[in-house]
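The structure under discussion appears below in the form of structure tokens.
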Amino acid sequence: MTPPGRIPRGIGLRIVGDVHGDAKGFAAAAATDRFIIQLGDLVDDGPDTPGALHLMFELIDAGRGLFLLGNHDFKLARALRGDAVQRGPGLAATLAALDAATAARTLAEISRAPAWLTLHNGLCVHGGFHPAMLTEPAPPLPPGRAGRLLARALFGQTTGRVTGAGKPERLLTWVDRIPPGITVYCGHDQRSTDGRPLRLTGALGGEAMFMDTGAGKGGHLSWIDLPPLN
972 MTPPGRIPRG IGLRIVGDVH GDAKGFAAAA ATDRFIIQLG DLVDDGPDTP
1022 GALHLMFELI DAGRGLFLLG NHDFKLARAL RGDAVQRGPG LAATLAALDA
1072 ATAARTLAEI SRAPAWLTLH NGLCVHGGFH PAMLTEPAPP LPPGRAGRLL
1122 ARALFGQTTG RVTGAGKPER LLTWVDRIPP GITVYCGHDQ RSTDGRPLRL
1172 TGALGGEAMF MDTGAGKGGH LSWIDLPPLN
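Position in the sequence shown (from 1) plus 971 gives the number in the working numbering.
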């Protein structure tokens, strides 16, 4: 059995996009002998956040998968530990759906979820890339708000302005800073227009693969299979 949080060698990988409570879609993605790397935002919005969480716990316990820290997971952890956070409809519904044992396990697992992971020719992160992620380890869950690098990992690159839809305005200029030969696998931004993961090539030749295709929010869950780590 692979220790929790460690990616095994010699086993194919499956990179899974934002789940957002789509437990049925996540079960389909997890029906494989590959090791699952889920890109964060397991929770909120969809029909069965507890089911998605329990499936992730089963994968962790079996040494068959892990998940990254997403912005929705981060906010849920802060709420569960008693921080003052704004509770929108999605978070409120998630909190109401978790029994005490599930809530405790959820806080424990989110608290140790990495904000990014490096692969041999790639990097997995929820929100957005920064070159420092290639050399610096992901930080532990902070006692308060996210620092600058963790904020990039969770929320992507933002301008500080709000869109007409009431959400932070996001930029993708970070794609131009991905080194050649590196692919960044990310979620958070639903950039696809055809229901498939969107691949963008940056100015340096590096690539970003946007995996969020709307699971739990009217779309579906996407994943991509990669060869084993060397």
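Just so it is clear, CB atoms sit at the ideal spot from N, CA and C, and this is done for glycine as well.
Residue closest to Q1128, alpha-carbon to alpha-carbon, out of D1015, K1138, G1099 and G1118: G1099
Cβ-Cβ distance between L992 and G1187 below 8 Å: As written in the sequence, residue 992 is Gly, which differs from the Leu given in the question. Going by C-beta atoms, G992 is nearer than 8 Å to G1187.
Buried or exposed by the 16-neighbour rule on C-beta atoms within 10 Å, applied to E1080: buried
Simplified DSSP state of G1187, which is helix, strand or coil: coil
In DSSP terms, what Q1128 is bridged to: L1142
N1042 to H1091 span [Cα, whole Å]: 25 Å
Segment contact flag, the segment 1164-1178 with the segment 1082-1091, C-beta cutoff 8 Å, min 3 pairs: no
Cut-off 7 Å between Cβ atoms - residues of its own chain near A1048, not counting five sequence neighbours on either side: L1078, I1081, S1082 and L1112
From R1005, Q1057 and R1141, residue whose alpha carbon lies closest to that of D1160: R1141
Among P979, L1040, D1015 and I1149, nearest to P1102 - alpha-carbon criterion: I1149
Beta-carbon gap between D1015 and G1061 smaller than 8 Å: yes
Bridge partners - Q1161, DSSP secondary structure assignment: The partner list for Q1161 (beta bridge, DSSP) is empty, contrary to what the question assumes.
DSSP-derived helix/strand/coil call for R977: coil
Alpha carbon of V1133 to alpha carbon of L1143, nearest angstrom: 16 Å
C-beta atoms of A1001 and F1038 nearer than 8 Å: no
Check whether I986 and W1145 have beta carbons under 8 Å apart: no
Inter-residue CB distance, P1018 and T1073 (contact presumed, cutoff 8 Å): The Cβ separation is near 16 Å, so there is no contact.
R1035 and I1007 closer than 8 Å at C-beta: yes
Minimum C-alpha distance to A1050 - residue among P1114, T1106 and A1033: P1114
For R1170, the three-state DSSP class (helix, strand or coil): strand
DSSP state of M972 mapped onto helix, strand, coil: With a pLDDT of 39 at M972, under the threshold of 50, the modelled position of this residue cannot be trusted; read the value that follows with caution. Correct three-state label for M972: coil.
Spatially closest choice to L1069 from V1155, P1110, A1023 and H1191, by CA coordinates: A1023
Whole-Å CB distance - L1200 paired with I1031, under 8 Å assumed: Not confirmed; about 18 Å, so no contact.
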